[in-house]
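Since the structure comes first, as structure tokens, the remarks are kept for the end.
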Amino acid sequence: MPYFTTELKDDRFLIKSWIEGISRVEQIELDLNKRVDLDTDQNAIKLKTIEGLIDTGATHSCITEEVASELEIPVLTRNMIGTAGNDTLCSFYKAILYIPIQSSVDKKMHYFAKTGTFAGLPEQKKHRGYDCIIGMDILSHFTFQYANGQLTMGW
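0 is the number of the first residue of the sequence shown in numbering that gives the first Met the number 0; add one for each residue after it.
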């Protein structure tokens with residue numbers, strides 16, 4: 000089973016991932032779940048390394064407005080989302096999140112690419128230094144094992 004393991008740090012699980020903005024959504028046919036090699040994939044043109052919080056309590060995955068701006072991702076729409084404490088008007092962006100997954104067979108690192116619509120976190124909602132919240136819209140594709148302060152995600 001391919002898997003990813005992360006350590007519990009400061010009462011949270013973080014994952015180092017990569018994100019690619021999609022600027023011509025209407026012209027791109029998207030493979031929703033694919034494994035890619037970021038070293039050779041010619042489609043992975045403008046990637047940003049990000050640190051994301053694994054949040055099983057979040058329905059939607061989010062990126063900061065700063066990341067969306069840096070990658071020049073156009074706003075798809077603006078809509079209200081429920082956040083801790085109140086509803087917030089957010090921009091939504093189309094992007095591909097690459098999650099590192101190690102093969103249990105060859106021990107090589109592969110990347111699970113998840114294309115999705117990400118809510119933009121307004122600056123006042125930016126969370127403790129990470130760029131992304133990885134919510135259940137992505138996490139539902141994985142299985143989880145938790146033991147001794149380690150979280151292992153696989154599929």
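Note that CB positions come from ideal geometry on N, CA and C, so glycine has one too.
Annotated three-state conformation of I132 is strand, per DSSP.
Residue I137 holds the alpha-carbon nearest to the alpha-carbon of K113 among K47, H59, I137, Q149. Using a Cβ distance threshold of 9 Å, F141 and C131 do not count as a contacting pair. A residue is called buried when at least 16 other Cβ atoms come within 10 angstroms of its Cβ; D86 does not meet this threshold and is exposed.
The three-state secondary structure of I72, taken from DSSP, is coil. About 17 Å separates the beta carbon of V66 from that of I80, a gap too long to meet the 8 Å contact definition. Per DSSP, the unbroken beta strand (DSSP E) holding F117 starts and ends at 108-120. Under DSSP, the beta-bridge partners assigned to S90 are R77. Collapsing the DSSP output to three states places A67 in a helix. Taken atom to atom, the span from the alpha-carbon of G84 to that of M152 is near 29 Å.
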